[in-house]
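In the working numbering, the protein residues as written are 1 to 343.
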């Protein structure tokens with residue numbers, strides 16, 4: 001089973017790495033390295049295409065943007081890269097009709113939209129700059145920082161999670177043109193630093209991971225409204241060191257949810273009550289340093305990108321018995337920041 005890892009490696013080592021995992025032995029093997037002009041910050045796949053958001057790596061500040069590749073066996077064939085003139089993107093999503101890509105600009109604090117034609121990123125439609133700031137003393141909230149974009153379950157709204165302004169902005173979108181729906185935009189507790197949001201598979205609940213507060217907020221989502229029903233920690237209450245919550249994922253069964261913690265360096269596993277939407281912490285399993293991202297394969301394995309240890313690790317998951325174990329299976333990868341499957 002092939003998968004992809006985005007790398008912030010230095011110099012020519014940055015780019016997209018292709019690996020294979022043997023599902024029987026959980027052994028990882030290297031297949032290919034696709035060099036990219038900038039740092040690939042996030043990867044998504046759709047209909048045998050891979051799309052990437054780029055963080056500018058040029059001292060001239062003329063890089064950044066988006067890229068599109070066609071997946072062919074253990075190769076990635078470049079369709080095109082679209083420069084954003086120094087604008088760095090941290091996340092992206094593609095519309096259901098595959099005609100528009102939306103991207104989160106962390107550094108500027110904006111949500112951008114692009115037209116896509118036959119998997120080619122054709123042109124930029126526009127961008128909406130966010131406003132606001134928060135009380136974080138570590139200077140992560142001195143202005144808006146859009147970290148994540150996605151769609152509500154009914155695809156009626158595009159949402160943009162703003163870590164700097166402590167809010168989730170909801171947009172109406174028509175032919176790629178964004179217009180904020182202020183009536184539905186969600187304000188988060190000041191200082192939380194929301195990072196990523198996902199929905200339950202039935203669309204009834206939203207799970208928002210807060211990087212600064214190290215918490216998950218659970219919302220009931222009904223009639224286009226969010227109602228907070230739970231706020232639960234991602235790290236032990238006795239832990240006094242610095243930590244920043246990062247990635248959040250659900251198993252395909254919807255029975256369990258996971259969050260990665262950078263600093264505490266762990267994966268937290270929660271049981272999901274499908275009726276109420278609420279979470280119950282089961283335990284935490286330590287990882288390598290700075291597990292910025294991870295992904296779940298077949299509800300049996302977790303692939304973790306330990307950014308500061310320059311490696312990928314494998315965890316085995318026995319979902320029925322609620323057992324998560326770190327195996328000794330790992331492989332080198334320079335500064336991995338995103339793990340992506342083509343499923």
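Every residue gets a Cβ at the ideal spot worked out from N, C-alpha and C, and that includes glycine.
May I have the straight-line CA-CA distance separating residue i from residue j, to the nearest angstrom?
i	j	result
residue 113	residue 74	30 Å
residue 31	residue 55	24 Å
residue 104	residue 53	9 Å
residue 107	residue 145	6 Å
residue 197	residue 161	7 Å
residue 129	residue 254	34 Å
residue 122	residue 28	36 Å
residue 272	residue 318	15 Å
residue 240	residue 283	18 Å
residue 340	residue 302	11 Å
residue 39	residue 127	21 Å
residue 62	residue 85	4 Å
residue 270	residue 201	16 Å
residue 115	residue 98	9 Å
residue 286	residue 175	44 Å
residue 138	residue 90	20 Å
residue 181	residue 153	16 Å
residue 100	residue 151	12 Å
residue 224	residue 168	13 Å
residue 323	residue 216	21 Å
residue 281	residue 117	44 Å
My guess is that residue i and residue j are in contact by the Cβ rule of under 8 Å, so how many angstroms apart are they, rounded?
i	j	result
residue 190	residue 134	5 Å
residue 21	residue 76	That belief does not hold up - the Cβ atoms of residue 21 and residue 76 are roughly 18 Å apart, past 8 Å.
residue 158	residue 219	The Cβ separation is near 17 Å, so there is no contact.
residue 199	residue 247	The pair is not a contact, with the Cβ atoms about 15 Å apart (cut-off 8 Å).
residue 2	residue 42	With 8 Å as the limit, residue 2 and residue 42 do not qualify as a contact, their Cβ atoms being about 18 Å apart.
residue 264	residue 243	4 Å
residue 326	residue 313	6 Å
Tell me which same chain residues have a C-beta within less than 6 Å of the C-beta of residue i, skipping the five on either side of it?
i	result
residue 67	52, 81
residue 166	134, 188, 190, 192
residue 96	155
residue 143	109, 133, 164
residue 65	54, 82, 83, 84
residue 249	258, 296
Among residues of its own chain, excluding the 5 on either side of residue i, which ones have a beta-carbon nearer than 7 Å to its beta-carbon?
i	result
residue 309	288, 289
residue 120	68, 79, 80
residue 12	35
residue 311	288, 330, 331, 332, 333
residue 124	112, 114
I'd like to know whether the C-beta atoms of residue i and residue j end up nearer to each other than 8 Å.
i	j	result
residue 304	residue 267	yes
residue 212	residue 136	yes
residue 147	residue 195	yes
residue 149	residue 185	no
residue 257	residue 228	no
residue 8	residue 335	yes
residue 46	residue 94	yes
residue 260	residue 291	yes
Closer than 8 Å by C-beta to residue i: which residues in its own chain qualify, once you throw out the five before and the five after it? Chain order, please.
i	result
residue 222	204
Quick one: is residue i near chain D, going by C-beta distance under 8 Å?
i	result
residue 97	Any reference to chain D falls outside this structure, which holds one protein chain only.
Next item on the list: Could you tell me whether the segment 200 to 209 touches the segment 298 to 318, using the rule of 3 or more Cβ pairs below 8 Å?
Entry: The segment 200 to 209, when compared against the segment 298 to 318, does not touch it at the 8 Å Cβ threshold.
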